[in-house]
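Each residue of the sequence shown is one higher than the last, beginning at 0 in numbering that gives the first Met the number 0.
The beta carbon of each residue, even a glycine, is placed where N, CA and C say it ideally should be.
Note that the structure is predicted; figures quoted are calculated from it, not measured.
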Amino acid sequence: MYFIDPHVHMVSRTTDDYERMARMGCVAISEPAFWAGFDRGSVDGFRDYFEQLTSFEPKRSGWSGIQHYTWLCINAKEAENVPLAREVIAMIPEFLDRPGVLGIGEIGLNKNTPNESTIFREHLDLAARTNELVLIHTPHLVDKYKGTRMIVDMLQERNDIPPERVCIDHVEEHTVKAALDGGFWCGMTLYPTTKCTPARAADIIEQYGDERILVNSAGDWGPSNPLAVPDFIQEMRKRGHSEAKIRKVVYENPLEFFGQSRRFKFTPPE
Ligand SMILES: [Zn+2]
């Protein structure tokens, strides 16, 4: 089955990973800007990263026939440095006309601090001004419920970003309802150490349905699995779900969400 991984940090993965993903049916990925494992020292560090995301990475994914899309921002962890975050937000428009840029992301919260909230709001201002889609990271474990509530509140206190143009990612059993009830898209991340497993993701689909919901691997430099979406497909098959239903979640839904971006120029596989 063809699939799209809507959230995977391929700069941290090898070309062999692209090749294995392609063999499993991956036809496109989207790669949000994220934390590199260390705090960058200047706006130029981000400028170089955005250059990599919009020029070399699409070329490298193309070697395996995978279409590459991306999202730009300063992540919540580094947003704690407010002056640097403001410089990055001011620089992002330099890249917004590049092919394959889908919007602003993954912005959000990490430890739910006031500085993170300030910079989250300023990213939303940029997205509203430039009419960009938004991809949102929600915090890990104990901070997740409160952080997700704060994010939904900050989105709902304004009326210039329609909820269907926002994806709230890394939802779990206790946060999926807040995202869906608000009219937002949501993403389930299949991650070995935290977040969801393929079985829990299948449970959530069975409970909440298959509308406005995405499944991703969030593969990155930590313990993670860029083939997690095929694991989810297999779990759904074992439970007797139809191919059409599985295909909706792993292929048609990302197309519908990304299709709202004017720079999403997808070529369907033959
Ligand atoms: Zn991520």
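Taking the alpha-carbon positions, what's the residue i to residue j distance?
i: D124; j: I167; result: 17 Å
i: L52; j: F33; result: 11 Å
i: P162; j: F183; result: 5 Å
i: V141; j: R97; result: 37 Å
i: E18; j: R59; result: 10 Å
i: G218; j: I160; result: 28 Å
i: G36; j: G221; result: 9 Å
i: H136; j: M235; result: 25 Å
i: P253; j: Q66; result: 13 Å
i: V170; j: T266; result: 29 Å
i: E93; j: G239; result: 47 Å
i: Q233; j: R39; result: 39 Å
i: L189; j: R85; result: 32 Å
i: D202; j: M187; result: 11 Å
i: A27; j: Y1; result: 9 Å
i: V7; j: L132; result: 17 Å
i: M9; j: P57; result: 10 Å
i: T192; j: S223; result: 8 Å
i: I245; j: F256; result: 16 Å
i: A198; j: A227; result: 11 Å
i: S63; j: G24; result: 11 Å
i: R12; j: G258; result: 26 Å
i: S54; j: G104; result: 18 Å
Could you pull the start and end residues of the beta strand (DSSP E) that residue i belongs to?
i: T117; result: Segment 113–129 is the alpha helix (DSSP H) holding T117; no beta strand (DSSP E) there.
i: T188; result: 184–188
i: S260; result: From DSSP, S260 is part of no beta strand (DSSP E); its letter is neither H nor E.
i: I167; result: 165–167
i: F2; result: 2–4
i: P138; result: Here P138 belongs to no beta strand (DSSP E), and DSSP marks it neither H nor E.
I need the boundaries of the alpha helix (DSSP H) containing residue i, first residue and last residue.
i: V175; result: 175–180
i: G146; result: 143–155
i: I203; result: 197–207
i: S216; result: Element bounds for S216: n/a, residue is neither H nor E.
i: V42; result: 42–50
i: T14; result: 14–22
i: D230; result: 227–237
i: S60; result: 56–61
i: A89; result: 81–90
i: A243; result: 242–246
With residue i and residue j assumed to form a contact (beta carbons below 8 Å), what rounded beta-carbon distance in angstroms separates them?
i: C72; j: H122; result: 6 Å
i: T117; j: V81; result: 6 Å
i: D16; j: P229; result: So it is not a contact: roughly 13 Å between Cβ atoms.
i: Y68; j: L101; result: 5 Å
i: R262; j: G99; result: 6 Å
i: M153; j: R120; result: 6 Å
i: I204; j: V248; result: 6 Å
Give a yes or no on whether the minimum CB-CB distance between residue i and chain C is below 9 Å.
i: H6; result: Reference to chain C is not applicable here, since this structure consists of a single protein chain.
Neighbouring residues (CB closer than 5 Å to any heavy atom of ligand 1): Chain-ordered list of matching residues: F33, A217.
The stretch 42–61 contacting the stretch 139–148, beta-carbon criterion three pairs below 8 Å: In short, these stretches do not touch, since the Cβ pair count stays below three.
Three CB pairs or more closer than 8 Å across the stretch 168–177 and the stretch 109–118: The stretch 168–177 is not in contact with the stretch 109–118.
Inter-stretch contact at 8 Å, needing at least 3 Cβ pairs: the stretch 246–265 / the stretch 209–216: Judged by Cβ distances under 8 Å, the stretch 246–265 makes contact with the stretch 209–216, as three or more pairs qualify.
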